[in-house]
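In our numbering, the protein residues as written are 339 to 428.
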């Protein structure tokens, strides 16, 4: 019984160590667009998002917040959300 509890605790410790990552945080930026996204779109300068390194992941899309803003402005202002994760600085 005690050995089972010890093995279970050891397993939880190993899972906790494996799940822990030191990934840099995601930076969220909004890119402005107008007229249901037909005009504008904004520019994304990755040097501003990652001043100390290079970008590792970039994704652009919609979120509930940008959808809500688009709905509130009846589509006049339709921002896009860019998520940037930078590579760790060395």
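Even glycine gets a Cβ: it sits at the ideal position worked out from N, Cα and C. Note that the structure is predicted; figures quoted are calculated from it, not measured.
*Check residue 385 in the structure and name its three-state DSSP category.*
helix
*Who does residue 423 pair with in a DSSP beta bridge?*
364 and 395
_Secondary structure of residue 403, DSSP reduced to three states_ = helix
*Verify whether the separation of the beta carbon atoms of residue 367 and residue 379 is less than 8 Å.*
no
*DSSP on residue 369, reduced to helix/strand/coil?*
strand
*In its own chain, which residues sit with a C-beta less than 6 Å from the C-beta of residue 388, not counting the 5 before and 5 after it?*
424
_Quick check on the burial criterion: 16 or more other C-beta atoms within 10 angstroms. Buried or exposed for residue 417?_
buried
_Contact set for residue 365: own chain, Cβ-Cβ below 6 Å, skip 5 residues either direction_ = If we look at residue 365 and ignore the five residues flanking it on each side, its Cβ neighbours are 387 and 422.
_So, under 8 Å CB-CB, residue 408 and residue 419 are touching, yes? Tell me the CB distance rounded to an integer number of Å._
Actually they do not touch by this definition, with Cβ atoms about 11 Å apart.
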